[in-house]
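Notes follow the structure.
Numbering (our numbering), first residue to last: 1454 to 1523.
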C-alpha cells in the first residue's frame, strides 16, 4: 500500500516492498533528460534545463543571462 501512496504523491519508492525512502518523479525526469545530453557537461546542463523546462510548459524567450547582485 505504501508504494502506491508514494506514486500517487509524485514520488517513486526505492524498494518494491516496505520502502523507507522515495525519489521525486520530477527529479527522475530531470535526470533522464540530463542523461540524454551528457556528452559535454556545460552544454548538457544547458540543453537539459531547456528541454526540462519546455516539458514543464515553461518557455525560454531569449538566451540572455541576467545576474543580479544584492
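Ideal placement from N, C-alpha and C gives every residue a C-beta, glycine not left out.
- Going by DSSP, residue 1476 is part of the beta strand (DSSP E) stretching over 1475-1477.
- DSSP, read as helix, strand or coil, puts residue 1465 in strand.
- Excluding residues up to 5 positions away in sequence, 1456 lie with their Cβ nearer than 7 Å to the Cβ of residue 1469 in the same chain.
- Between residue 1489 and residue 1474, the C-beta spacing is not below 9 Å.
- Under the DSSP assignment, residue 1501 falls in the alpha helix (DSSP H) whose first and last residues are 1494-1508.
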